[in-house]
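In our numbering, the protein residues as written are 2 to 588. Just so it is clear, CB atoms sit at the ideal spot from N, CA and C, and this is done for glycine as well. Values in this document were obtained by computation on a predicted structure and should not be read as measured data.
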Amino acid sequence: MAKMALILSDGSPTGPQHKLGRVLDFFGVPWETVDVSKLSDLKQGQEHVVFGSAQTVAIALKQTPPENDSFPRLAACYVYPSDDRSASEHALQLLCGEAHLSLQEAPTGNLPLRVSREEIDVAGPMAGLEMSSQLRKEDAVVVSGGRSKFATVISAGGDPVFIRFQERGVPVFFCASSHMVDIDQAVGPGFYDVKDHFCSVVPLVMFLRFMFGEVAWRSQELGACLIVDDPLLRQRYGSCDFGKLRDLMLQHEFTTNIAFIPWNWHRTSPAAGEFFKKEAAHYSISVHGCDHIGAEFGATSPEVINNKAKLAWSRMQNHEARTGIHHDPVMIFPQGVFSSVCPEILKRNGFLAAVNTETVPVDSSSARTKIRDVWDIAIMTYGSFPIFTRRYAFHGLENFAFDLLLGKPCLIVCHHYFFKDGGAGLIELIEKLRSLNCILRWRPLGEVIRRACRRRVSDAGVEEVEMYGNELLIDNNSEQGIQMWIRKREARADVVAEIVCDGKPVTWTSDVDHLVFGEKISSRSQRRFQVVYREQAGAAKVDRSLRFELSVAARRMLSEFRDDYLSRSSFLSTTATSLKNALTRAN
């Protein structure tokens, strides 16, 4: 495995090279820019990975004598076309040793994309995937006039778009797209879809994961959990029979979290309480809003959000005291709506994290979600509070696989109607995820979040960890004790009351928007860390009029009537939804 990346330039660094440098920083890969004419001036002693246009890499390899100690040892090259496609084509012919090879404009319209199953070491969780998508104007395809000397990693419409071959004993990976992703580009509303720039992004991320496994950030594990929104805790809700779902979990080895609406805290029967307590290893409970009315956590008033958060917390505590069913303080926003001020207030009210499908807050003037945020383990942009992203089945297996390639948890969201077919669609998705080239750890949602972090080993042998949730479980599965150096993004160190390890305070400091602390973990052991925040002061109590309370109750009853009785009739279901929306507008 290589430890240093070299970005080749031919003169002043270009825009794409600056963008590439930010990508390398994101993954934690050390790098430097070097002019191709000064390659021999670099220090020797470690293997380098070269990144550059086809023209600059061709020059570099041509001037590098085989087995010459005056040049850096090259572990591999990542090559891409420049804006001059003709010059890039000629350089690729020289690199690959194929005079008839050409770069051609990608066909328009949807094309079948295929990731090779044979190149499993490079492709990781995406090996063997097949999908369809349109290509960008910067994308090209590789066309060979004869028997090719390269292996195809990714193809589009049957033509290669990401290939690997050997030149002078050096592995060369060529991506046929000239587009370089800008990870500081803002993302739009909805979910992040890797198909928007598949042929430029996926090859680069695959290559980085493949070549820099020893130095780049890596996830501690790939946690997974299914999340079902809205149900009451009872034997059956809508099309979901929780006893049958439990049997499916036992048979197919997955876990389920129920996003429970706090308004229903007093409605769990003793029998249901006993069932869910007994099945706690399979069913976990999270917090789904407060009243579950439209945009309740999309308010921009801190006082309004604070009151909602405290009421939701109080209701869930009452539910746990009444039923004995434990819940994790994980917020799942109703309809995916949240404001940019909301995460900070949730953090100060004891919530561990949020989980959401939408990646952009509703107050768009404050929206700062970037590609780097949705590639990260969790979005940390708003209040230094983690928002973990989740996906519906219709997002496509390729998006789940790309998340796993990045090291993100695999969180699936559905509603009761996903079980109309008896769970056949769910099991099909679970089995497809299981077939990916990675190991998923199915756990309760809170445990997935507590173990979600990035780790790497420094040159000094210290394990560096980036923490996301307000609690962190670190495992040391080795036979030796390890020194941990943990960092957690936090823009306001003044709101931190203390940091504890297994319940005991630890010494910590702050450093450029990060909390920093260390601890040694013995062999074959685990440590639990928690960042304790100063509680958000209570605001003036918001008047909840009788009319408001009745409208919330009516909305909940209509929603349940729709889910339990009308979901099979599209006409009646639409009527019930219209009534519920009218009540919401009346509020």
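- Would you list the residues sitting across from M5 in a DSSP beta bridge? As a first step, residue 5 must be located in the sequence shown, where it is residue number 4. Looking at the DSSP assignment, M5 forms a beta bridge with H49.
- So, do the segment 214–228 and the segment 141–153 have three or more beta carbon pairs nearer to each other than 8 Å? no
- Query: Quick one, which of V517, E359 and D230 has its alpha-carbon nearest Q531's?
  - Reply: Counted from its first residue, the sequence shown places residue 531 at position 530. Checking every option, the nearest Cα to that of Q531 belongs to V517.
- F352 versus P330: straight-line alpha-carbon distance, rounded: Taking the first residue of the sequence shown as position 1, residue 352 is located at position 351. Taking the first residue of the sequence shown as position 1, residue 330 is located at position 329. If you take the alpha carbons of F352 and P330, they lie about 5 Å apart.
- Item | Own chain residues within Cβ distance below 8 Å of T257, not counting five before or after | Mapped onto the sequence shown, residue 257 falls at position 256. For T257, where only same-chain residues beyond five positions count, the Cβ hits under 8 Å are C226, L227, I228, V229, L246, M250, H283, Y284 and S285.
- Task: Check each candidate in L40, D544 and D495 and name the one with the smallest Cα separation from S511.
- Result: Against the sequence shown, residue 511 aligns to sequence position 510. S511 has its Cα closest to that of D495, out of L40, D544 and D495.
- Item | Own chain, CB closer than 7 Å to F419, minus 5 neighbours either side, in chain order | Within the sequence shown, residue 419 is the residue found at index 418, counting from 1. Same-chain partners within the cutoff: G426 and L427.
- Query: Taking the continuous beta strand (DSSP E) assigned at F151, which residues delimit it?
  - Reply: Within the sequence shown, the letter at position 150 stands for residue 151. From DSSP, F151 is part of no beta strand (DSSP E); its letter is neither H nor E.
- Check whether the segment 378–398 touches the segment 198–205, counting contact only when three or more Cβ pairs, one atom from each stretch, lie closer than 8 Å. no
- Query: Where P108 and V143 are concerned, what is the direct C-alpha to C-alpha distance, given to the nearest angstrom?
  - Reply: To locate residue 108, count along the sequence shown from 1; it is residue 107. To locate residue 143, count along the sequence shown from 1; it is residue 142. Computed Cα separation, rounded: 12 Å.
- Check whether the segment 480–491 touches the segment 448–466, counting contact only when three or more Cβ pairs, one atom from each stretch, lie closer than 8 Å. yes
- Query: Should Q564 go down as buried or exposed, given a rule of 16 or more other Cβ atoms within 10 Å for buried?
  - Reply: Stepping through the sequence shown from its first residue, residue 564 is reached at position 563. Residue identity check: residue 564 is Asp in the sequence provided, not Gln. Classification for D564: buried.
- Task: Please determine, among R529, R451, R86 and K20, the residue with the shortest C-alpha to C-alpha distance to E222.
- Result: Sequence index remark: in the sequence shown, residue 222 carries index 221 (1-based). Residue R451 is the option with its Cα nearest to E222.
- Query: L406 to R456, Cα distance in whole Å?
  - Reply: Within the sequence shown, numbered from 1, the residue matching residue 406 stands at position 405. Within the sequence shown, numbered from 1, the residue matching residue 456 stands at position 455. Between L406 and R456, the C-alpha separation is close to 15 Å.
- Item | Distance between V171 and A76 (C-alpha atoms, nearest Å) | Residue mapping note: residue 76 aligns to position 75 of the sequence shown, counting from 1. Residue mapping note: residue 171 aligns to position 170 of the sequence shown, counting from 1. Roughly 6 Å separates the two Cα atoms.
- Indicate whether H49 and F192 have their beta-carbon atoms separated by less than 8 Å. By 1-based counting over the sequence shown, the position of residue 49 is 48. By 1-based counting over the sequence shown, the position of residue 192 is 191. It is not a contact, given that the beta carbons lie outside the stated cut-off.
- Item | T510 - partner residues in DSSP beta bridges | Residue 510 sits at position 509 when you count from the first residue of the sequence shown. DSSP, once it has assigned bridges, lists V517 as partnering T510.
- Compare the Cα-Cα distances from S340 to each of H320, S366, R316 and N350 and report the closest residue. Numbered from 1 along the sequence shown, position 339 holds the residue referred to as residue 340. If we check each option's Cα against that of S340, S366 comes out closest.
- Task: Look up P161 in the DSSP assignment and say whether it is helix, strand or coil.
- Result: Taking the first residue of the sequence shown as position 1, residue 161 is located at position 160. Note: P161 maps to strand in three-state DSSP.
- Message: For Q336 and G295, I'd like the C-alpha separation in whole angstroms.
- Response: As a first step, residue 336 must be located in the sequence shown, where it is residue number 335. As a first step, residue 295 must be located in the sequence shown, where it is residue number 294. Cα to Cα, the separation comes out at about 7 Å.
- With a cut-off of 8 Å, do at least 3 Cβ pairs link the segment 82–101 to the segment 113–125? no
- Message: Within the continuous alpha helix (DSSP H) that includes M212, where are the two ends?
- Response: Taking the sequence shown and counting its residues from 1, the one referred to as residue 212 is at position 211. Note, M212: alpha helix (DSSP H), F199 to M212.
- Message: Whether or not the segment 265–285 and the segment 228–242 are in contact is what I'm after, with contact meaning three or more pairs of Cβ atoms, one per stretch, closer than 8 Å; do they touch?
- Response: yes
- Local conformation of W443 per DSSP, three classes: Here residue 443 refers to the residue found at position 442 of the sequence shown. W443: strand per DSSP, three-state reduction.
- Task: Starting from the C-beta of S54, find all residues in its chain whose C-beta is less than 6 Å away, skip the five residues before and the five after it, and write them out in chain order.
- Result: Residue numbering aside, residue 54 sits at position 53 when the sequence shown is read from its first letter. Excluding sequence neighbours, S54 sits near S83.
- Item | S13 versus V206: straight-line alpha-carbon distance, rounded | Taking the sequence shown and counting its residues from 1, one reaches residue 13 at position 12. Taking the sequence shown and counting its residues from 1, one reaches residue 206 at position 205. Answer to the nearest angstrom: the Cα atoms are 25 Å apart.
- Task: Give me the Cα-Cα distance between P410 and R391, rounded to the nearest whole angstrom.
- Result: On the sequence shown, position 409 is the one that residue 410 refers to. On the sequence shown, position 390 is the one that residue 391 refers to. Their backbone Cα atoms lie some 8 Å apart in a straight line.
- Message: Using 8 Å for Cβ pairs, my map puts V58 next to L96. What's the rounded Cβ distance?
- Response: Residue mapping note: residue 58 aligns to position 57 of the sequence shown, counting from 1. Residue mapping note: residue 96 aligns to position 95 of the sequence shown, counting from 1. Yes, V58 and L96 are in contact; Cβ-Cβ is about 7 Å, under 8 Å.
- Item | For R545 and A402, the rounded distance between their alpha carbons | Here residue 402 is taken as the residue at index 401 of the sequence shown, counted from 1. Here residue 545 is taken as the residue at index 544 of the sequence shown, counted from 1. Going from the Cα of A402 to the Cα of R545 covers about 45 Å.
- Message: Starting from N319, trace the alpha helix (DSSP H) in both directions and tell me its first and last residue.
- Response: One-based indexing of the sequence shown puts residue 319 at position 318. That run of the alpha helix (DSSP H) goes P303 to T324.
- Apart from the five residues on each side of it in sequence, which residues of its chain come closer than 8 Å, Cβ to Cβ, to C415? As a first step, residue 415 is located in the sequence shown; it is residue number 414 there, counting from the start. If we look at C415 and ignore the five residues flanking it on each side, its Cβ neighbours are L227, I228, V229, D230, Y393, A394 and L427.
- Query: Does the segment 127–138 come within contact of the segment 90–105, defined as at least 3 CB pairs closer than 8 Å?
  - Reply: no
- Query: So, helix, strand or coil for C291, using DSSP?
  - Reply: If you number the sequence shown from 1, residue 291 lands on position 290. Here C291 sits in coil by DSSP.
- Message: Suppose you measure from the CA of G16 to the CA of V30; what does that come to, to the nearest Å?
- Response: The count along the sequence shown starts at 1 and reaches residue 16 at position 15. The count along the sequence shown starts at 1 and reaches residue 30 at position 29. One C-alpha to the other measures close to 19 Å.
- Task: Please say whether R528 and E520 have beta carbons closer to each other than 8 Å?
- Result: Taking the sequence shown and counting its residues from 1, one reaches residue 520 at position 519. Taking the sequence shown and counting its residues from 1, one reaches residue 528 at position 527. Yes, the Cβ-Cβ distance between E520 and R528 is below 8 Å.
- For A554, which three-state DSSP category applies? The count along the sequence shown starts at 1 and reaches residue 554 at position 553. A554: helix per DSSP, three-state reduction.
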